[in-house]
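Engineer: Handing you this structure, nothing more for now.
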Amino acid sequence: MGRTIIPIGPYHPLQEEPELFTLTVEGETVVDIDVRIGYNHRGIEKLSEMKTFENSTFVVERICGICSTSHPFAYTRAVEDVFPMEVPIRAKYIRTIIAEGERIHSHLLWLGLAGHFLGYNTVYMWAWKLREEILDVMEILSGNRNNYAMFKPGGVRRDIKPEDIPICIRKIESILPTLDMLKKAVLDDPVLHARLKGVGVMTYQEAIDFSALGPTSRASGVARDVRKDSPYGAYQEMEWDMIVTSNGDVFDKAVVRILEMFESAKIMRFCLEHLPGGEIDANIKDVPPGEGIGHIEAPRGETFHYVKSDGTNRPVRHKVRAPTFMNLPTYKATVQGETISDATIILAAIDPCYCCTERIAVKDTGGRILYGGKDLIQLSREKTDRIKRRMGVR
Amino acid sequence: MSLKLKALLKSPWVFHLSTGSCNNCDIETLDCLTPRFDIERFGMLLAGSIKHADVLLVTGSGNRMSVERLKALWEQVPKPCLVVAIGTCAASRGIFKDSYNCPQPLDQIIPVDVYIPGCPPKPEAIIAGVVKLIERVGGSQ
């Protein structure tokens, strides 16, 4: 049968970020997929190296709007890893609260968008309406709906006022019944069962082979979570469950995310109720020479930051690896063999975040950065000119 | 006022265009459509194709790859079309001013009618900005 190539993107109504999917199809069946990204690359690692350790926190916050806690969290942990130091316990609790609030709003956002892609706009509207409540909690705690600016190396920038705590707990409790209703509506719906079960299956072995992270891997039975495996923040202080399912299809990915929201609400509530007193900032002065790594469990998987210091007030090297970078290749396992109409939801099922991922620039062996077709042509022409000059040809 | 512009202001269909943003402004733009803010009550509708757009909501600082696409898309929009730059990145490139991959601010590429500052601007600010634009265009002639 003849093969057809269907380009999706870079500007399409499916996802709000620009990216280009090239689906190769035989009839209705997708046989190959290619993803082209680069529409979001802003050179954050280089920008971070131009700024001081404290100012870089604000740059990494703007890597991604949805993960605007995960990146500063991993970055500050990397800086703190350069020298042996301990963050005050109150700061750890506040960090955990902000990180879990972000997880709830990110999962709700995904759930809404997934419903939207399936033509189930009621779920979209419900989930996003519920998300506003969590954003209200975040606004009370941090002063902003999305970019919280709470993190700094050595602690947090802003304390939680005691009078705000009951309001926040009440708000979190008030969303739980609606969340429960949403859970039942999604998990018991026969249409969603028919639409999502057995679609885009990633087996346990494939999840291991592709090194999938976060809910994408936990839906395939890989019990991997940085919060459990290498505890940070206040996660070891309380009881909570890691959600692992075994089928690996899109339905299970939705189940993992929905159940994780309940765990996050539990963690947030515990931290708010048991918030210890004391300092919120360790007041670090100079960062000694050395290297540090920081990794945390973002809503989409493990976020990893590496920082190298030479004793000045700026990082010499700053490397970021976002979870979507690892989850993107799993498309090869999940989309191939499915129909085009299912491809939409499978592509969305890993909760892709391209602006997180685009930390890479293509370099040639000379270390020169190549940006795209136009720049390649420019470089090629320059080279021709150089050779012409060397040969004396006009 | 031209008939085209007059008809456009009645029920402006918006198209959302991200030129390399961090997602935040995009999500706040989508937030405007959801129950709490619900801009559809003003007759605004998110258009699926740029060929149906009356108002472009542009976010992001614009990098070398997306700027080329932005120029190509600007050719396809039926004119007259109003452009709203949402967020500090679209208005002035903000924190990404010194980046090697963000060569030009948005208003040097396409004409911008309204700037909405903020990182990200709240949905209220986005709605207020679009309403201000409609009032200004409608009232000036």
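First to last, the protein sequences are chains A and B.
Those letters in the first sequence? Residues 650 to 1043, per this note's numbering, in order.
Those letters in the second sequence? Residues 268 to 408, per this note's numbering, in order.
The C-beta atom is built at its ideal place from N, Cα and C for all residues, glycine as well.
It should be emphasised that the depicted structure is a prediction, and the values quoted were computed from it without experimental measurement.
1. Please name the residue, chosen from A:T725, A:R691 and A:I783, that lies closest to A798 of chain A on a Cα-to-Cα basis.
2. Can you confirm whether the region 826 to 846 of chain A touches the region 896 to 904 of chain A when touching is taken to mean that 3 or more C-beta pairs between the two stretches lie within less than 8 Å?
3. Compare the C-beta of C369 of chain B with all C-beta atoms of chain A and state if any pair is closer than 8 Å.
4. Reducing DSSP to helix, strand and coil, say where K277 of chain B ends up.
5. L284 of chain B touches chain A at which residues, Cβ-Cβ below 8 Å?
6. Of all the alpha helix (DSSP H) runs that stay within the bounds of the region 824 to 854 of chain A, which reach a length of 4 or more residues?
7. Buried or exposed: which applies to V709 of chain A, given that a residue is buried once 16 or more other Cβ atoms fall within 10 Å of its Cβ?
8. Against M311 of chain B, what residues of chain A qualify as contacts under a CB-to-CB distance less than 9 Å, listed in chain order?
9. Suppose the cutoff is 7 Å on Cβ atoms and the five residues either side in sequence are ignored; what does the same chain contact list for M917 of chain A look like?
10. Looking only at C-alpha atoms, which of A:A834, A:I933 and A:S717 sits nearest to G764 of chain A?
11. Here's a check: name, in chain order, each residue in its chain whose Cβ is nearer than 6 Å to the Cβ of R685 of chain A, leaving out the five neighbours to either side.
12. Is S755 of chain A helix, strand or coil by DSSP?
13. Would T678 of chain A pass as a contact of G986 of chain A if the rule is Cβ separation under 8 Å?
14. Can you name, in chain order, every residue of its own chain whose Cβ lies under 8 Å from the Cβ of S895 of chain A, other than the five neighbours on each side?
15. Per DSSP, what kind of secondary structure is E951 of chain A in: helix, strand or coil?
16. I'd like the list of long-range same chain contacts for R739 of chain A, defined as Cβ closer than 6 Å, with 5 residues on each side in sequence excluded.
17. Just checking: is the beta-carbon of K1012 of chain A within a distance shorter than 8 Å of some beta-carbon in chain B?
18. Going by beta carbon distance, what residues of the same chain come within less than 8 Å of G937 of chain A, once the five residues before and after it are set aside?
19. Nearest chain B C-beta to I929 of chain A closer than 8 Å, yes or no?
20. So which residues on chain B does W777 of chain A lean against when the C-beta distance must stay under 9 Å?
21. Do L779 of chain A and I818 of chain A have their C-beta atoms within less than 8 Å of each other?
22. Check the C-beta distance from E666 of chain A over to Y1003 of chain A and give it rounded, since I have them as a contact under 8 Å.
23. At what residue ranges does the region 280 to 336 of chain B contain a whole run of the beta strand (DSSP E), taking only runs of 3 or more?
24. Is there contact here, the region 289 to 305 of chain B with the region 375 to 393 of chain B, by at least three beta-carbon pairs under 8 Å?
25. If you reduce the DSSP assignment to three classes, tell me which class R970 of chain A lands in.
26. Leaving aside the five residues before and after P659 of chain A along the sequence, list all residues of the same chain whose C-beta is less than 7 Å from its C-beta, in chain order.
27. Leaving out the 5 sequence neighbours to the left and right, which residues in its chain are closer than 7 Å to T865 of chain A when beta-carbon positions are compared?
28. Distance, Cα to Cα, T296 of chain B vs R1038 of chain A?
29. Could you compute how far the alpha carbon of G354 of chain B sits from the alpha carbon of P384 of chain B?
30. For P667 of chain A, which residues in chain B fall below 8 Å Cβ to Cβ?
31. Quick test of the definition: if touching needs 3 or more C-beta pairs under 8 Å, does the region 310 to 320 of chain B touch the region 354 to 365 of chain B?
32. Could you tell me which residues DSSP pairs with I654 of chain A in its beta bridges?
33. Hey, is K273 of chain B's beta-carbon within less than 8 Å of any beta-carbon in chain A?
34. In the DSSP assignment, what are the bridge partners of L349 of chain B?
35. Distance check for Q885 of chain A and L672 of chain A, CA to CA, integer angstroms please.
36. In chain A, which residues lie with their C-beta within 9 Å of the C-beta of I377 of chain B?
Structural biologist: The short version:
1. A:T725
2. yes
3. yes
4. helix
5. Y660
6. 839 to 845
7. buried
8. Per Cβ cutoff of 9 Å: no residues; M311 of chain B is ~16 Å from chain A at best.
9. I746, E749, G750 and I821
10. A:A834
11. L669
12. helix
13. yes
14. Y853, S869, G870 and D901
15. strand
16. P925, G927 and I929
17. Per-residue confidence for K1012 of chain A stands at a pLDDT of 45, beneath the threshold of 50, marking its modelled position as unreliable; the derived number appears in the next sentence. No, K1012 of chain A lies away from the interface with chain B (no Cβ there is under 8 Å from its Cβ).
18. Here residue 937 of chain A is Pro; the residue named in the question, Gly, does not match the sequence. The answer, listed in chain order, is V731, F732, S958 and G960.
19. no
20. L297, D298, L300, T301, P302 and R303
21. no
22. 5 Å
23. 280 to 285 and 322 to 326
24. yes
25. strand
26. P667, E668, L669 and Y688
27. K902, G950, N976, T979 and I999
28. 53 Å
29. 5 Å
30. S285, T286, G287, S333 and R336
31. no
32. A:T673
33. no
34. B:V322
35. 44 Å
36. Per Cβ cutoff of 9 Å: no residues; I377 of chain B is ~14 Å from chain A at best.
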